[in-house]
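Number of protein chains: 2
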Amino acid sequence: MKFLASIDVMPIKEILDPQGKAVLLGLKNLDIQGFSDCRIGKHINMEIEAADKATAESIVEDACKKLLANLIMEEYTFELTAI
Amino acid sequence: MKFLASIDVMPIKEILDPQGKAVLLGLKNLDIQGFSDCRIGKHINMEIEAADKATAESIVEDACKKLLANLIMEEYTFELTAI
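From first to last, the protein sequence lines are chains Z and A. Taking full-length UniProt numbering, the leading residue of the first sequence gets 1, the next gets one more, and so forth. Taking full-length UniProt numbering, the leading residue of the second sequence gets 1, the next gets one more, and so forth.
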C-alpha cells in the first residue's frame with residue numbers, strides 16, 4: 001500500500017523562535033495587523049510504501065526520531081493518508 | 001475572536017527539491033526503507049485576532065502573498081481554527 005506522510009516538525013514551546021519574531025516584525029512593517037505568537041518549523045511531505053498503515057506509522061516514527069526531528073529542540077506530528 | 005492559523009508553504013511541484021533528495025539519501029543510509037518523493041517546506045503557526053473567520057482568512061491570505069510565500073517558487077495552504 002502507498003501512503004502520503006504529512007509531517008510537521010516544530011520548535012518546542014520553551015525554545016525562543018527568532019524566525020517567528022522576525023515574521024511578526026515584517027508583518028507589522030507591511031501594516032498587516034492582528035498576528036501574535038508566530039512559530040515556524042518544517043513541513044515534510046513524503047510517500048511511503050508499506051504493507052499496512054501500522055507499519056507505515058512505525059517507519060515514519062523511526063524516520064522522525066532518527067533524522068527529521070532534533071528531539072532536544074523539536075517536536076513532530078504527522079498524518080498518514082492512503083493514496 | 002482569536003484563531004490559530006496553521007500555514008504550509010511548499011515548493012511548487014515543478015521546482016527541484018534538493019533538501020528532499022538529501023533527506024531521502026539520509027534515510028537510505030540509516031536503512032529506513034520505503035520512502036519516495038520527499039518535499040520539504042515551512043510550517044507556520046500564528047495566532048490572529050479578527051472580527052470573524054472571513055476577515056481572518058483575508059488577513060492570512062494577505063500575509064502569505066506579501067511575506068510568507070515567494071509565489072514564483074512556492075505555494076501555500078492554510079487552516080484556521082477558532083481558539
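Built from N, CA and C at the ideal position, the CB exists for glycine as well.
Continuous alpha helix (DSSP H) stretch holding residue i: start and end
i, result
"residue 62(A)", "53-63"
"residue 28(Z)", "18-29"
Minimum Cβ-Cβ distance from residue i to chain Z less than 8 Å
i, result
"residue 64(A)", "no"
"residue 54(A)", "no"
"residue 42(A)", "yes"
Status (buried if at least 16 other CB within 10 Å, exposed otherwise) for residue i
i, result
"residue 59(Z)", "buried"
"residue 82(A)", "exposed"
"residue 17(A)", "buried"
"residue 1(Z)", "exposed"
"residue 8(A)", "buried"
"residue 73(A)", "exposed"
"residue 30(A)", "exposed"
"residue 68(Z)", "buried"
Below-8 Å beta-carbon distance, residue i vs any chain A residue
i, result
"residue 30(Z)", "yes"
"residue 45(Z)", "yes"
"residue 83(Z)", "no"
"residue 67(Z)", "yes"
"residue 50(Z)", "yes"
"residue 36(Z)", "yes"
"residue 25(Z)", "no"
"residue 10(Z)", "yes"
"residue 59(Z)", "yes"
Reduced DSSP secondary structure (H/G/I, E/B, other) of residue i
i, result
"residue 50(Z)", "coil"
"residue 41(A)", "strand"
Range of the contiguous beta strand (DSSP E) that encloses residue i
i, result
"residue 82(A)", "74-82"
"residue 5(Z)", "2-11"
Short CB-CB distance (under 8 Å) between residue i and chain C
i, result
"residue 78(A)", "Among the protein chains in the structure shown, which are Z and A, there is no chain C."
Residue i to residue j span [Cα, whole Å]
i, j, result
"residue 62(Z)", "residue 32(A)", "8 Å"
"residue 13(Z)", "residue 19(Z)", "14 Å"
"residue 57(A)", "residue 77(A)", "11 Å"
"residue 5(Z)", "residue 26(A)", "17 Å"
"residue 34(A)", "residue 79(Z)", "16 Å"
"residue 54(Z)", "residue 38(Z)", "33 Å"
"residue 46(Z)", "residue 15(Z)", "27 Å"
"residue 65(Z)", "residue 28(A)", "15 Å"
"residue 75(A)", "residue 42(A)", "11 Å"
"residue 11(Z)", "residue 11(A)", "21 Å"
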